[in-house]
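No gaps in the numbering here: position 39 of the sequence shown is 260 in the working numbering, and each next residue is one more. These notes concern the structure reproduced below.
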Amino acid sequence: MKEIVLDTETTGISVKDGHRIVEIGCIELENLTPTNNRFHCYLNPERKVSEKAFEVHGYSDEFLSTQKKFKEIAEDFLEFIKNKRLIIHNAEFDLAHLNNELNLFGKNKIQNEIIDTLNLAREKYPGSQVNLDALCKKFRIDNSRRTHHTALIDCDLLAKVYINLIDQKEPTLDFKQSLEVEENKNSKTEYFKKIVLPSSEEVEKHKKYLRENLKKNYFN
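Next up, the structure:
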């Protein structure tokens, strides 16, 4: 199954206040393994970045003014996520901004299946902090590169967090193991527990131990 780990950065929190997307990052997973397919772009939001947002991601108005506008990359973005499950941390936030951008030039809302890792984390660790940094710490994931919130770095971290949240080990390429599985996939294997019977000498020792200890415990 192909999934897309997705993250956005914006000019501010609420679309109701006119805030827009300044960065989109996507990493494709196939059977929980990152592929070489990625989608990433910076965007000209056509408005100023709020001070709080600048503190989070560090993208200046001057830098963003030279980037493409959302409508210029929308078709490529929609094609990249087409028919794939989206993995997002706090999906309500990102989807609100993405759907707002799509609506601004007459496109339909995103209809993909969504997994919100924030909800997964809240269910698994009720009462605990479940932001991305806290989850990285819990799962011992190195997030030292995350000096600012940037979409691709956050996607990379979220992919690892997601795998841990669903109790899967991070997949590795083990060609030897894959080959053995392929060779044996049609063979019938029977699994059983090995039964080990004690020797007569061991039985006598056990009986002696029981007699001595039962007598001792009774009189004590």
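Glycine included, each C-beta is placed from N, C-alpha and C at the ideal position. Computed from a predicted model, the values in this text were never measured in an experiment.
Practice task
Evaluate G233 with the Cβ neighbour count: other Cβ atoms within 10 Å of its Cβ, from every protein chain shown; 16 or more gives buried, anything less gives exposed.
Solution key: buried
Practice task
Please go through the same chain and pick out, in chain order, the residues whose beta-carbon is closer than 6 Å to the beta-carbon of C262, but skip the five residues on each side of it.
Solution key: I245 and I294
Practice task
Report the rounded CA-to-CA distance for Y346 versus I384, giving the unit in angstroms.
Solution key: 15 Å
Exercise for the section: Mind reading off the beta-carbon distance from E224 to R306? Whole number of angstroms is fine, and I expect it under 8 Å. Expected result: 5 Å
Handout entry: Endpoints, the beta strand (DSSP E) within which Y346 is located
Key = Unbroken run through Y346: none, as it is neither H nor E.
Handout entry: Within 7 Å, strictly: CB atoms of V236 and P266
Key = no
Problem - I362 in three-state terms, based on DSSP - result: coil
Problem - Residues near R268 by beta carbon distance below 7 Å, same chain, minus five either side - result: T232, G239 and R241
Practice task
Helix, strand or coil for T254, going by three-state DSSP, please let me know.
Solution key: strand
Handout entry: Selection from E425, E422, A380 and L227 that minimises the alpha carbon distance to F314
Key = The shortest C-alpha separation from F314 is found at L227.
Problem - Cβ-Cβ distance between R361 and I374 below 7 Å - result: no
Practice task
Could you tell me the distance, in whole angstroms, from the CA atom of S421 to the CA atom of K429?
Solution key: Roughly 12 Å separates the two Cα atoms.
Handout entry: Nearest candidate by alpha-carbon position, reference E276, set T371, E334, A342 and E296
Key = T371
Exercise for the section: Apply the 10 Å Cβ neighbour rule to T229 and answer buried if 16 or more other Cβ atoms are within range, or exposed otherwise. Expected result: buried
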